[in-house]
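Numbered by our numbering, the letters in the sequence shown go through residues 30 to 218 in order. Ideal Cβ placement from N, Cα and C applies to all residues, glycine included. The structure appears below as structure tokens.
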Amino acid sequence: MNDKLKPEEKKTLLMIARDAITAHVNGQKPKQLDEYPLSPALLADGASFVTLTKKGKLRGCIGTLQAVQSLAEDVQLRAIQAATEDPRFPAVQASELAQIKIEISRLTPPVKLDYENPQDLAQLIRPHQDGVILKDGFRRATFLPQVWDQLPYPEDFLSHLCQKMGVPGGYWKKKLLEVSIYSVEDFSE
30 MNDKLKPEEK KTLLMIARDA ITAHVNGQKP KQLDEYPLSP ALLADGASFV
80 TLTKKGKLRG CIGTLQAVQS LAEDVQLRAI QAATEDPRFP AVQASELAQI
130 KIEISRLTPP VKLDYENPQD LAQLIRPHQD GVILKDGFRR ATFLPQVWDQ
180 LPYPEDFLSH LCQKMGVPGG YWKKKLLEVS IYSVEDFSE
């Protein structure tokens with residue numbers, strides 16, 4: 030990503046996310062975005078994931094792979110969704126807010142990875158750099174680059190991603206899947 034966000038832009042996005050979650054769990058509407066100092070970078074279309082942790086453990090993570098609205102709007106929406114719509118967790122409660130930490134990942138547009146042999150796939154993806162999207166028909170799953178911290182070996186990374194997609198772990202070794210990669214600029218509170 031050539032156009033890194035400035036520290037004040039990151040701070041604004043984190044404030045937008047925190048304010049949106051706080052308002053939503055307290056039954057209020059989030060602030061209007063024009064109440065924040067929005068630079069051209071925050072008004073430009075952007076795709077994001079918002080990850081919530083509590084005491085170092087995942088508490089919610091929702092995002093989009095394609096830019097469909099301004100980065101500021103996307104972060105506001107994904108923050109609320111991460112707090113309330115991640116099916117793996119109950120909705121965040123107001124009593125938890127002080128313990129919730131927010132991480133924002135700003136995504137580059139995905140790039141399709143061309144390969145001819147499933148066995149080559151593990152050599153083509155770059156650990157700790159690439160986010161990976163696997164697609165097979167209507168099934169799709171992604172791991173952000175940060176997941177490499179838990180799954181540092183490409184074979185394990187791909188196998189767990191297959192499982193997330195709803196197929197057996199070794200599926201990627203037997204079939205040519207549609208694979209795209211992307212990178213992120215991530216920052217947190």
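With a contact defined as Cβ atoms closer than 8 Å, Arg169 and Leu163 qualify at about 7 Å. Among the bridge pairs identified by DSSP, Ser217 is matched with Glu132. Of all alpha-carbon atoms in Leu206, Ala120, Met44, the one lying nearest the alpha-carbon of Pro147 is that of Leu206. Going by DSSP, Ile210 is part of no alpha helix (DSSP H) but of the beta strand (DSSP E) stretching over 207-211. Closest by C-alpha distance to Pro139, out of Val79, Ala151, Tyr211, Ile109, is Tyr211.
Judged by beta-carbon spacing, Asp215 lies within the 8 Å limit of Gln175, meaning their Cβ atoms are closer than that value.
Beta-bridge pairing by DSSP links Val140 to Ile210. Exclusion of the five residues before and after Lys202 leaves Pro147, Gln148 as the residues of its chain whose Cβ lies within less than 7 Å of its Cβ. In this structure, Arg47 is the residue among Arg47, Gly75, Thr80, Thr82 with its C-alpha nearest to the C-alpha of Tyr65. Contact between the segment 180-200 and the segment 106-116 is absent, with fewer than three C-beta pairs closer than 8 Å. Asp165 carries a strand assignment under DSSP once its states are collapsed to helix, strand and coil. Of the candidates Leu71, Leu67, Leu173, the residue whose Cα lies closest to the Cα of Cys90 is Leu173.
Secondary structure note for Ala76: its beta strand (DSSP E) is the uninterrupted segment 76-83. Counting C-beta pairs closer than 8 Å gives three or more between the segment 71-78 and the segment 95-103, which meets the contact rule. Between Ala101 and Leu153, the gap from beta carbon to beta carbon reaches 8 Å or more. By a beta-carbon distance limit of 8 Å, Leu72 does not contact Ile133. Their separation comes to about 16 Å.
Between the C-alpha atoms of Asp165 and Lys204 there is a straight-line separation of about 9 Å.
Ser99 is bridged by DSSP to Asp74. Shown here, Leu180 sits in coil according to DSSP, grouped into three states, outside any helix or strand.
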